[in-house]
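Have a look at the structure below before the remarks.
Numbering (UniProt numbering), first residue to last: 1 to 146.
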């Protein structure tokens, strides 16, 4: 299990691209059983961030589980991505075989959690308790109600 806030993940990917760790970091993100991407859509993605996100989701698509949390309403997802063509590709990988949970109320950081996406591999492995216990409290709640 690996947890990342999306803005910090993009910063880490940009740094890794500069110091030669980019391929290794992408491989790690692609192979982990469960990747949790928190706070997606806090700002419009730039071109590099769109490419990073597409690479990550493409490597994981149909192979591993991904949870994406966001406060962005469904109808504004393309606006956050900022490019219609890449937006279609990114959202296709997010939404295909996904379970969408829309929650309202207090979330862990005293904000309203609006949207959560859980994508599963085509042959999902059962989630063991140790992975669930290691997850962020909000995400743990999402896994529990899955």
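We treat Cβ as the ideally placed atom computed from N, Cα and C, and that holds for glycine.
8 Å contact criterion, which residue i and residue j should meet: CB distance rounded
i, j, result
"residue 68", "residue 40", "5 Å"
"residue 57", "residue 8", "18 Å between Cβ atoms; not a contact."
"residue 50", "residue 82", "7 Å"
"residue 87", "residue 59", "Contact flag wrong, Cβ pair sits at about 19 Å."
"residue 53", "residue 45", "7 Å"
Span separating the alpha-carbon of residue i from that of residue j
i, j, result
"residue 12", "residue 33", "20 Å"
"residue 101", "residue 19", "38 Å"
"residue 80", "residue 1", "26 Å"
"residue 15", "residue 99", "32 Å"
"residue 25", "residue 48", "15 Å"
"residue 21", "residue 61", "22 Å"
"residue 55", "residue 71", "23 Å"
"residue 76", "residue 95", "14 Å"
"residue 65", "residue 78", "22 Å"
Which residues DSSP lists as bridging residue i, in chain order
i, result
"residue 3", "36"
"residue 90", "Its beta-bridge partners do not exist; DSSP assigns none."
Limits of the unbroken alpha helix (DSSP H) element including residue i
i, result
"residue 100", "That residue, residue 100, is in no alpha helix (DSSP H); its beta strand (DSSP E) goes 98-101."
Bounding residues of the beta strand (DSSP E) (the contiguous stretch that carries residue i)
i, result
"residue 67", "65-70"
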